[in-house]
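What follows is a single structure, written as C-alpha cells, with notes after it.
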Amino acid sequence: MIVSNGNGAVRQLLPAILALIGTTASFALTAVPTRAANGPFYSARLTRPMDGQQKVIQKGVLWKCVGAECSAPRDASRPVIVCARLAQKVGPVARFATPQGDLAAEDLARCNAVAAN
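And the structure:
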C-alpha cells in the first residue's frame, strides 16, 4: 500500500517534471540564435576611410568601423534603408552586404543618394 501511494505521487508529478524539462530545453534552443543575432550582420565598405577605429550609432544601430570597413548587428529595417542611414552619417558607401549577399547596384545608388543631400 505504501508503494502504490509513492507511485501515485510520482505519477502526479511526472507531467510537471516533463513540462519543466521541455520548457528548459526549448528556452536553451531559442537562446542560441539570439546570441548569434547579436554579432555582425551588415558589412559596408566606405568610399572614404575613417581615421582609426570608430563607433557610429545611427538610429539605434551600432556600427564598428576600422578604416573603410564597417559592420553592425541586424536591424528591423530593410538593408537599403540601413545603408542609407549609414551613408547619411559617414558619407558614400562603396559596398553594402548582408549574409544573403551584396546590395544590388540600384539599391546602392539609392543608399548613396541620401549621402549626397
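Numbering (the numbering used here) for the sequence shown: 303 to 419.
Quick reminder that beta carbons are idealized off the backbone N, C-alpha and C, glycines included.
All values derive from a computational prediction rather than experimental measurement.
Check                                                                                                               : Outcome
Considering only C-alpha positions, which residue in the set 356, 374, 414 is nearest to residue 363?               : 374
Kindly indicate which three-state DSSP category residue 405 falls into: helix, strand or coil?                      : coil
Any heavy atom of the ligand SAM closer than 6 Å to the beta-carbon of residue 349?                                 : Absence of the ligand SAM from the depicted structure is noted, as is the absence of any ligand whatsoever, leaving it without description.
Given this structure, state the Cα-to-Cα distance separating residue 346 from residue 399, to the nearest angstrom. : 6 Å
In this structure, does DSSP put residue 411 in helix, strand or coil?                                              : helix
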